[in-house]
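Undergrad:
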Amino acid sequence: MSTTDTRDRSSLNPSTPTPTTYHGAPPSIRAPSLSSSANATSLRYTSGLSSHGIAEDPLVLEIGTKFLRAGLANQEHPRCVLAWDKRMFKRCGDRALLDDIVKRRGTELWTADMRGLDIGLVEDLLERGVREAYHKYLLIDSKTKKLIIPVPPLFPTKLLTSIIATLFSHFQPPSIALLPSPVLATVAAGLRCALVVDIGWYETVVTPVYDLRPIEGRGIGVYGRSKRAVQCLRKQWVRLLTPHYRRAMGVNTAPSSSSTSRDTLPIDPDSDDESEKVSKIFPNLNDVSEAMERLGWCRPLSTPLPAEHTYRLTKIPLPSSGTSITLPFSDLALPAERAFFAPTTEDVGPGDPVQRPFSPLFSHDSGGAPTNTIPTSAPEGYPDDDDFPLPRLLYNVLMRCTVEVRAACLKRIVFIGGGSRIPGLQTRTLEELQVLVDTLKWDVSPEARLEKTKTVVSESGAIHSEIEREGFPQTRDEGESQFSAHESEEEQPYDWHIHGISPLSISPRSTFPRSASLNHRGLHSSSDKNNGTQPARESKKSKEIYGEAKAVKSLGVWVGGSLLGGQRIQGNAVIEREKFLKEVAAGGTGIPSHALQNDIGPSLNQKKTGDGAHKIGIR
Amino acid sequence: MSFPTIHISCPCSDTPSIARHGSSGSHLAKDHSDLNADDPAEVDDDGQSNFNPYSRRANFSLYPLNRLLFCEDCNQIRCPRCILDEIVSYFCPNCLFEVPNTTVKSEGNRCTRNCYSCPVCLAVLSVTALGDEGTAPYILLCNHCLWSSSDIGIELDKPTSITAQLAEKLKPSASSTGVSTPTGGKIYTVPDTLITPAISGLATSSSSYYPSRTLPPLPEGAELSPGEFFTRLQEFYKLLKSEASDNEDRHPNSSRLMDMLSTTGTSHLRPYNQRMSEKPKPGWAEYGHNQSVNPDDDLNAITAISSSGFSGTTSLRQRLTQPHCPSLLSELVPLAALLRTKRSKRCRTCRHILYKPESKVGSIRCRIRLVAMNYIPTLNITRFDPSAFNYHNLIPLATHQFLLTVTNPLYDPISVHLATPRHTPGKYPSNITIYCPEFEVGANTDVWDEALASASGNPSSGGHRAKPRDKKSAVPGQIWDRGRNWTSVIIEIVPPALPEGVDDKDKIVKVPVFVRSEFDTEVDRDVGEIGKGVKERREYAFWSSIDVGRIGKKDQDGPQRPQSLGGASVGGLGERERRSEGRDRRESERMKRSSVR
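Protein chains in written order, with the UniProt record's numbering: chain R, 1 to 619; chain B, 1 to 597.
#1: For V120 (chain B), which of helix, strand or coil comes out of DSSP?
#2: Thinking just about the alpha-carbon of each residue, which of B:T128, B:E86, B:H144 and B:C145 is nearest to the one in Y138 (chain B)?
#3: Can you list the residues of chain B that Q426 (chain R) reaches, using a CB-CB cut of under 8 Å?
#4: So which of R:P319, R:D331, R:V209 and R:A133 has the shortest CA-CA distance to T310 (chain R)?
#5: Between the region 159-166 of chain R and the region 119-129 of chain R, are three or more C-beta pairs nearer than 8 Å?
#6: If N50 (chain B) sits next to P476 (chain B), beta carbons under 8 Å apart, how far is it from one beta carbon to the other, in whole angstroms?
#7: T303 (chain R) versus chain B: which residues are under 9 Å apart at the beta carbon?
#8: Could you have a look at E500 (chain B) and say whether DSSP puts it in helix, strand or coil?
#9: Which one of B:D504, B:T405 and B:R348 has the shortest CA to CA distance from C71 (chain B)?
#10: Taking F91 (chain B) as part of the alpha helix (DSSP H), name the residues at either end of that continuous run.
#11: Starting from P58 (chain R), follow the alpha helix (DSSP H) in both directions and report where the run begins and ends.
#12: Classify L397 (chain B): buried if its beta carbon has 16 or more other beta carbons within 10 angstroms, exposed otherwise.
#13: Output yes or no for whether 8 Å exceeds the beta carbon distance between E127 (chain R) and L82 (chain R).
#14: Considering only their Cβ atoms, is the gap separating C74 (chain B) from C366 (chain B) smaller than 8 Å?
#15: Can the beta-carbon of residue 620 (chain R) be found less than 8 Å from the beta-carbon of L184 (chain R)?
#16: Quick check on DSSP: helix, strand or coil for S488 (chain R)?
#17: Buried or exposed: W448 (chain B), going by 16 or more other Cβ atoms within 10 Å of its Cβ?
#18: Could you work out which residues of chain R lie near T424 (chain B), taking near to mean beta carbons separated by less than 9 Å?
#19: Of all the options B:S344, B:E358 and B:I546, which has the alpha carbon lying nearest to the alpha carbon of W352 (chain B)?
#20: So which residues of chain R does V120 (chain B) contact, with C-beta pairs closer than 9 Å?
#21: Select from the region 172-194 of chain R all residues with a C-beta closer than 9 Å to any C-beta belonging to chain B, and list them in chain order.
#22: Check whether the Cβ atoms of K553 (chain R) and K411 (chain R) lie closer than 8 Å to each other.
#23: Compare the Cα-Cα distances from L430 (chain R) to each of R:Y395, R:P174 and R:L240 and report the closest residue.
#24: Look at the Cβ atom of P377 (chain B), then the Cβ atom of V406 (chain B), and state whether they are nearer than 8 Å.
#25: Compute the distance between the beta-carbons of L130 (chain B) and G190 (chain R), then report whether it is under 8 Å.
#26: Check whether the region 96-114 of chain B touches the region 152-163 of chain R, counting contact only when three or more Cβ pairs, one atom from each stretch, lie closer than 8 Å.
#27: Measuring straight from C-alpha to C-alpha, what distance separates G134 (chain B) and L156 (chain B)?
#28: At a Cβ cut of 7 Å, what residues of the region 93-126 of chain B count as close to chain R, listed as they run along the chain?
#29: Identify the contact partners of R81 (chain B) in chain R, using a Cβ-Cβ distance below 9 Å as the criterion.
#30: Give me the Cα-Cα distance between P159 (chain B) and I316 (chain R), rounded to the nearest whole angstrom.
#31: So is P499 (chain B) buried or exposed if we call it buried at 16+ other beta carbons inside 10 Å?
#32: Check distances from the C-beta atoms of the region 46-80 of chain B to those of chain R and list, in chain order, the residues that come in under 7 Å.
#33: So Y90 (chain B) contacts chain R; which residues on that side make the cut at Cβ distance below 9 Å?
#34: List, from N- to C-terminal side, the beta strand (DSSP E) runs of 3 residues or more that fit wholly inside the region 360-408 of chain B.
#35: By the 10 Å Cβ neighbour count, where 16 or more other Cβ atoms means buried, how is D113 (chain R) classified, buried or exposed?
#36: When the Cα atoms are used, what is the spatial distance from L335 (chain B) to T303 (chain B)?
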């Protein structure tokens, strides 16, 4: 037995050149889940070969909203990456699928809104996809292999139960192990601590991982999420292409002919608020996705792009309508700009923030948010809780971490998910985060932060408005000068911060009596003192004191599962078939309770009460 | 989409997991609580919901008859979803070589011989000689899109053992400069370079416990290819694990001590520390050669995309088929052909084998083959009036008559009950009437019987074949026609007039028909002489969905009306001909008709 195993493993080693193991970049498109309830698992190391005997390598199935990855553990790449596309919805034997079946729902495996989700349809789809993976790519009997499933943080239990039920009843694997996907991403980067930024389809989820345990307490699980994700990006692409598309189709557009100005086009192609015919003409979403995947990029702040690239005209074919659009290459960075870095994705004109119903009092702290709420928002449009730009989201999460976790994570930011493939996005996020860190520091005292916030937000806001306004790129030098020019400028939209009611007038501390917060205050008051006394040195040494944001490449969640599965490390949530089905039949979730509670357990109640005292490792 | 098509709903379409067992008799696809209210469930008088072919989930439970198997023990249809597959043999679809099981396990799911497919269009690549008289160098050439391996700078020396040659050529250049990758993966002594400075540093000074503070700067030129990075990570974790287990075995106390000394005293809080991470430093170590994100890489990627343009980048589909997800066409590599399998199929419930092919690749014979076609009655639908008729343009509010023919594959005569809701369950319901819902279908006897019977003028089998093509004889309550093992009845459909801007889905008339067939058959032969001659009543029942056609437009399609009323042309072809004939005549026709009205 042992000899066969050795042989298997040796031959599966990717250093042996087989057709499946070409070297290259890791596949990292994956989509996260939406979450509404708590479910997480944690790692537990089995004590090695001695305890388990020698089993075959398990199978790693990464089930995402857009893609399914399946492959054997100990391999470098998944054997297949299947997209949940129209093909999956087809009726057996039909050649084509009628478009409108998926038009309203989209082809994603599940929808963002769990309330309207047809679980049965998810099960059908999943069954079809996994069956294809088994039959066409894995070529193994499903009954023989154990499964490892990475589970994103706060994955809906209902969905997880139905996924596991589908797998058990249709494919009958001996057991299914659940592993938290941020941890797997960390493992695949060779780290033990990381700030895992999963830019998925519906949402971006930021999860700190400390000593291989995801931290979801302290409000991170809830507030570490933003809708600035790939779906949002695609909306921005639609917005970018629509005026050109209409022109190409010979439809007269509104006077808003300048491509990049804030036009009032409805972003959502399905929304039909206007009865005019023109407003219903949108480019095909598949074409847009294709263009987005192929040509999308993101402008880094510090490193300039050579001008010949910036101004190069790029042709975007839209095959389903037989037309094509030609845009300067620089314009193709705009959607990413708007989707990930703009102060808000809401379609509000920059001039009239007043008209939006806005109550600064309750905008952020209404949920009993813990100490480190960052009440500062963008200058325009006051983003919602789930609408923070990417760098700000990262900063918010780091702010909610304890000092040790923050120190460890800031240097180890790991980007995963489909959005992380956009070239330039990671660099840009880091750069902006660094600006935030340098300016805001890790200061929890509201007054101090308020002051600093103004400058920072105006800075980043200025960058955006600049890029937004220009549309056409400015050269590096111009950008720099504008950047610095805006630094000192006072921005009107912040008035509410100063002489409105400050959102911090409700001190979060008072509503949130926790030892951790006190602890935090103590720590930071000392650092405040330092800052105050040596302002000159501070700017010079800010990176040393407050840390430098760095990103580490990860091979992706699937590879993490492959690495751990190859070492026979299982999660502590191993689900056996009989037991699971019995529990489900009895009306339970079938997911072991320790998977929810042990070690990290950010259960729903804790989230609500703001009790972040899950074991973060170090207090 | 072709019309008419008939699909059969497999009874397994219930939610698989949740204790919904027991409904074995009539198989109704249940509408699950769907808040979108897209699929309003039509509920019968007895509270059972009808099958709704318009439901989204119906696409997953409907199969053409030829895809279905039949389990004799469960007495039920089995679709691809409710069978378990077992692999009998592996083979390459290109070179048709059978691949042994062990090779598949070790080498993966692709052909290791010379079969490659084009990375651009997925067609088969052929080895083509570039030199005169068919000599080296050789390239892999796609005959479909003319992609060749020379596009990515690969030329081969030999026309054989392409896999080995490609692997050699595709090996990233970075790996050759780094530490020589150990072959075979049997690494039990990890090279020093793998143990990071982080670990060694930690081992010497416990003060620098926390790895982030001692994370060394990356050595120059440490950029690893992802493949190599993966290999090293793998070895790294292997090392960690072996050390962990060693330490745990030998010095459980000392490791605990070390942990207490070196950490900030939190280890007791962590349950899992008792296991792995309680050993000293290595458990805390991070892999030193982390690949940090480099802004220059991003810039290079952007400029590469900019200079290659849309046409130089890979499509989403191409990306997914490649393991390394390249973004540029120039980074694509040829793909070895995926192996295929021959599989035997078992019933998921009773584990009986339903289908078992012969394991030899070349053979198409089966040892066991229980296909549904041999058990359940076959439905067939045709236009009652066989003359010109466009299934893609059913005239709304007109009565369309179809012939529904039920064929019996069994050797016993069956009695068939057809049931259908009065209206189709779609958003825009059509009226359905089956003239004769209950009838007999003769046994599938020898073909000669029919011939002999009809020759002798036996009225019992061919008696109803009178007055064909006479619409007047289509009397409700009576079958239309009958043959040896088939009977046809008339089904009448009145499609509704659709408003403007209806979804394509709703334009199609899908008729759900519940088919129940009953027959007496001899009891199992195994029972012996006692059971001889004893008959047993059996019943098969299933829902099927008939796609009759697409509803056309009422007003604008006036010109097509005469065509369906008796033109000589057939189907869409005739329509096109007619269109090419010129518009003037049609216009005048329309004018005439409207004036008549």
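Even for Gly, the Cβ is constructed at its ideal location relative to N, Cα and C.
What you are looking at is a predicted structure, and each value in this text was computed from that prediction instead of being measured.
TA: In brief:
#1: The residue you call residue 120 (chain B) lines up with position 120 of the second sequence. Reduced to three states, the DSSP call for V120 (chain B) is coil.
#2: One-based indexing of the second sequence puts residue 138 (chain B) at position 138. Residue B:T128 is the option with its Cα nearest to Y138 (chain B).
#3: Residue numbering aside, residue 426 (chain R) sits at position 426 when the first sequence is read from its first letter. Ordered by position in chain B, the residues that pass the 8 Å Cβ test against Q426 (chain R) are V293 and D298.
#4: For the purposes of this step, residue 310 (chain R) is taken as residue 310 along the first sequence, with counting starting at 1. For the residues R:P319, R:D331, R:V209 and R:A133, the minimum Cα distance to T310 (chain R) belongs to R:D331.
#5: Yes, the region 159-166 of chain R touches the region 119-129 of chain R.
#6: Indexing the second sequence from 1 puts residue 50 (chain B) at position 50. Indexing the second sequence from 1 puts residue 476 (chain B) at position 476. The pair is not a contact, with the Cβ atoms about 22 Å apart (cut-off 8 Å).
#7: Taking the first residue of the first sequence as position 1, residue 303 (chain R) is located at position 303. Ordered by position in chain B, the residues that pass the 9 Å Cβ test against T303 (chain R) are P295, D296, D298 and L299.
#8: Numbered from its first residue, the second sequence carries residue 500 (chain B) at position 500. For E500 (chain B), the three-state secondary structure derived from DSSP is coil.
#9: Within the second sequence, residue 71 (chain B) is the residue found at index 71, counting from 1. The option with the nearest alpha carbon to C71 (chain B) is B:R348.
#10: As a first step, residue 91 (chain B) is located in the second sequence; it is residue number 91 there, counting from the start. From DSSP, F91 (chain B) is part of no alpha helix (DSSP H) but of the beta strand (DSSP E) over I83 to F91.
#11: In the first sequence, residue 58 (chain R) corresponds to position 58, counting from 1. Counting along the chain, P58 (chain R) falls outside any alpha helix (DSSP H), and DSSP gives it neither H nor E.
#12: Taking the second sequence and counting its residues from 1, one reaches residue 397 (chain B) at position 397. Under this definition L397 (chain B) is an exposed residue.
#13: Within the first sequence, numbered from 1, the residue matching residue 127 (chain R) stands at position 127. Within the first sequence, numbered from 1, the residue matching residue 82 (chain R) stands at position 82. Contact: no.
#14: Here residue 366 (chain B) refers to the residue found at position 366 when the second sequence is read from its first residue. Here residue 74 (chain B) refers to the residue found at position 74 when the second sequence is read from its first residue. Annotated as distal: C366 (chain B) and C74 (chain B), with beta-carbon spacing of 8 Å or more.
#15: Since the first and last residues shown for chain R are 1 and 619, residue 620 (chain R) lies out of range.
#16: Taking the first sequence and counting its residues from 1, one reaches residue 488 (chain R) at position 488. Model confidence at S488 (chain R) stands at a pLDDT of 32, short of 50, so the residue's coordinates are unreliable; what they give is reported in the following sentence. The DSSP-derived three-state label of S488 (chain R) is helix.
#17: On the second sequence, residue 448 (chain B) is found 448 positions in, with the first residue counted as 1. Burial is judged here by how many other beta carbons sit within 10 angstroms of a residue's own beta carbon; W448 (chain B) has fewer than 16 and is exposed.
#18: Looking up residue 424 (chain B) in the second sequence gives position 424. In chain order: nothing, as chain R lies at least about 16 Å away.
#19: Walking along the second sequence from the start, residue 352 (chain B) turns up at place 352. One point to set straight first is that residue 352 (chain B) is His, not Trp, in the sequence displayed. Taking only the C-alpha atoms, the option nearest H352 (chain B) is B:S344.
#20: Residue 120 (chain B) sits at position 120 when you count from the first residue of the second sequence. Those within 9 Å of V120 (chain B) in chain R number zero; the least Cβ separation is about 14 Å.
#21: Q172, V187, A188, A189, G190, L191, R192 and C193
#22: Along the first sequence, one-based indexing puts residue 553 (chain R) at 553. Along the first sequence, one-based indexing puts residue 411 (chain R) at 411. Contact flag unset, no.
#23: Against the first sequence, residue 430 (chain R) aligns to sequence position 430. When each option's Cα is compared against that of L430 (chain R), the closest is R:Y395.
#24: Residue 377 (chain B) sits at position 377 when you count from the first residue of the second sequence. Residue 406 (chain B) sits at position 406 when you count from the first residue of the second sequence. Going by C-beta atoms, P377 (chain B) is nearer than 8 Å to V406 (chain B).
#25: Counted from its first residue, the second sequence places residue 130 (chain B) at position 130. Counted from its first residue, the first sequence places residue 190 (chain R) at position 190. No. Outside cutoff.
#26: no
#27: As a first step, residue 134 (chain B) is located in the second sequence; it is residue number 134 there, counting from the start. As a first step, residue 156 (chain B) is located in the second sequence; it is residue number 156 there, counting from the start. Computed Cα separation, rounded: 13 Å.
#28: V104, K105, S106, E107, G108, N109, R110 and T112
#29: For this step, residue 81 (chain B) is matched to residue 81 along the second sequence. The contacting residues are D124, E127, R128, R131 and H170.
#30: Here residue 159 (chain B) corresponds to residue number 159 of the second sequence, with the count starting at 1. Here residue 316 (chain R) corresponds to residue number 316 of the first sequence, with the count starting at 1. About 39 Å.
#31: The residue given as residue 499 (chain B) occupies position 499 in the second sequence. P499 (chain B) is exposed by the Cβ-count criterion.
#32: R56, R57, N59, F60, L62, Y63, P64 and R67
#33: Here residue 90 (chain B) refers to the residue found at position 90 of the second sequence. Correct list: L139.
#34: 366-369, 378-383 and 400-407
#35: Looking up residue 113 (chain R) in the first sequence gives position 113. The residue in question, D113 (chain R), is exposed, as its Cβ has fewer than 16 Cβ neighbours within 10 Å.
#36: Taking the second sequence and counting its residues from 1, the one referred to as residue 335 (chain B) is at position 335. Taking the second sequence and counting its residues from 1, the one referred to as residue 303 (chain B) is at position 303. Cα to Cα, L335 (chain B) sits roughly 27 Å from T303 (chain B).
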